[in-house]
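Colleague:
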Amino acid sequence: MISKSLLFILIVSIGSACLSKKEISVNAYYNYDHDFPLNDSVNLLSDSAGIELYSVEYTSTHNERVTGLLSIPRGKTGSIPVIILLHGLGDRKTVDYIEAGNTLLTQHGYAVLRIDVANHGDRKVYDYDFDLTDGYKYWTRDIISQTVFDLRRAVDFLETRDDLDKDRIGFFGISLGGMIGTVFCSVDNRVAVPVIALAGGNLSLMFGVDAITDEAKEYFSIIDPINFIAEIKPRPLLMINAENDEVIPPITSKMLFKEASEPKEIIWYNSKHRDLPVEEAYLSAIKWFDEKL
Numbered sequence: 013m014i015s016k017s018l019l020f021i022l023i024v025s026i027g028s029a030c031l032s033k034k035e036i037s038v039n040a041y042y043n044y045d046h047d048f049p050l051n052d053s054v055n056l057l058s059d060s061a062g063i064e065l066y067s068v069e070y071t072s073t074h075n076e077r078v079t080g081l082l083s084i085p086r087g088k089t090g091s092i093p094v095i096i097l098l099h100g101l102g103d104r105k106t107v108d109y110i111e112a113g114n115t116l117l118t119q120h121g122y123a124v125l126r127i128d129v130a131n132h133g134d135r136k137v138y139d140y141d142f143d144l145t146d147g148y149k150y151w152t153r154d155i156i157s158q159t160v161f162d163l164r165r166a167v168d169f170l171e172t173r174d175d176l177d178k179d180r181i182g183f184f185g186i187s188l189g190g191m192i193g194t195v196f197c198s199v200d201n202r203v204a205v206p207v208i209a210l211a212g213g214n215l216s217l218m219f220g221v222d223a224i225t226d227e228a229k230e231y232f233s234i235i236d237p238i239n240f241i242a243e244i245k246p247r248p249l250l251m252i253n254a255e256n257d258e259v260i261p262p263i264t265s266k267m268l269f270k271e272a273s274e275p276k277e278i279i280w281y282n283s284k285h286r287d288l289p290v291e292e293a294y295l296s297a298i299k300w301f302d303e304k305l
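Residues are numbered in this note's numbering as their position in the sequence shown, beginning at 1, plus a constant of 12.
Printed below as a string of structure tokens:
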């Protein structure tokens, strides 16, 4: 006779063997304790040109301190819709194209929260190369996954403010910020309207022959936007991409868009990655936010 303990082991083993990889949700990786103390601090930096600018810090998962800037347009009545704005690789929350977005968004009546990606800007600790296939590749992956948690905690922070509309939170991410943001918006439905710029999916293809093994696919599973983007539905998704992108191959952007569910739209600019018409891209995003948020 089989003992109860052995029977339990057999059932678990058979069940595990029958469970395909597609049935295992990678979304669950980004669960966390929402009631963990934020220990946030907010300090007024300036109050001019109709904008109140605050420095922000709060505690994320793994005891990470996140630094940000919160811009709030004055003269608005009621709670204000807010856009979370995220920069690309090697940059910071005050880089020129993020400053440009902050200006345009606030001019159109949106509050803006900008944070530094993990190990970027005020948060930079190590100067290792960001590389997903060699060197400190697990450290690199942790930068991406940590920033997803940081963005989720950013929403926790926004929800504490009575002057901001927690039901009208949008997101705009560029390049690495767009790829991180795709994962973030997929696992956190408190973001009502995502806009993803200069991002792609299926990272195994993006990083060449050495990255198409099963081991590599497992490695990329928790950070590859293509594994998450379908979960954005039924929220409206806008993607903005460059037809001649030399950094993010356009085929990977097309694959990512294909995996997204309706409602969705994609805009292509006749440009390379680094000469995307920034103002036009932001104005397209603002039109999307005005209509959908």
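Even glycine gets a Cβ: it sits at the ideal position worked out from N, Cα and C.
What is the DSSP secondary structure of ILE235, reduced to helix, strand or coil?
Modeller: coil
Colleague: Can you name the residues that DSSP bridges to PRO85?
Modeller: Partner(s): ILE63.
Colleague: Pick from PHE184, GLY133 and ILE96: whose alpha carbon is nearest that of ASP168?
Modeller: ILE96
Colleague: Given this structure, state the Cα-to-Cα distance separating ARG153 from ILE235, to the nearest angstrom.
Modeller: 7 Å
Colleague: Which residues in the same chain have their Cβ closer than 7 Å to the Cβ of GLU35, if we skip the five residues on either side of it in sequence?
Modeller: Bear in mind that a pLDDT of 47 at GLU35, under 50, signals an unreliable position, so the number given afterwards is only what the model happens to contain. Same-chain partners within the cutoff: there are none.
Colleague: Since I believe PHE240 is in contact with VAL195 (beta carbons under 8 Å), could you give me their beta-carbon distance rounded to a whole number of angstroms?
Modeller: 5 Å
Colleague: Three or more C-beta pairs closer than 8 Å, one from the segment 83-90 and one from the segment 117-130: is that the case here?
Modeller: yes
Colleague: What residue from ALA209, VAL68, HIS285 and TYR150 has the CA that sits closest to ILE127's CA?
Modeller: VAL68
Colleague: What is the residue span of the beta strand (DSSP E) that ASN253 lies within?
Modeller: 249-254
Colleague: I'd like the list of long-range same chain contacts for LYS304, defined as Cβ closer than 7 Å, with 5 residues on each side in sequence excluded.
Modeller: Same-chain partners within the cutoff: VAL205 and PRO248.
Colleague: Pick out the complete beta strand (DSSP E) segments inside the segment 109-196, 3 residues or longer, and give them in chain order.
Modeller: 123-127 and 176-186
Colleague: I'd like the span of the beta strand (DSSP E) that includes ALA209, first residue to last.
Modeller: 205-209
Colleague: Have a look at LEU288 and PHE183 and give me their C-alpha separation to the nearest angstrom.
Modeller: 19 Å
Colleague: Taking the alpha-carbon of VAL290 as reference, which of GLY193, ALA254 and LYS276 has the nearest alpha-carbon?
Modeller: ALA254
Colleague: Which whole-angstrom value is the C-beta distance of ASP113 and LEU188, which I expect to be below 8 Å?
Modeller: The identity of residue 113 in the sequence shown is Gly, whereas the question assumes Asp. The pair is not a contact, with the Cβ atoms about 15 Å apart (cut-off 8 Å).
Colleague: Mapping DSSP to helix, strand and coil, what is ARG77?
Modeller: strand
Colleague: Please report how far the alpha carbon of ASN51 lies from the alpha carbon of THR115, in whole angstroms.
Modeller: 28 Å
Colleague: CB LEU144 to CB LEU215, shorter than 8 Å?
Modeller: yes
Colleague: Check for me: the beta strand (DSSP E) holding PRO93 runs from which residue to which?
Modeller: Unbroken beta strand (DSSP E) run through PRO93: 92-98.
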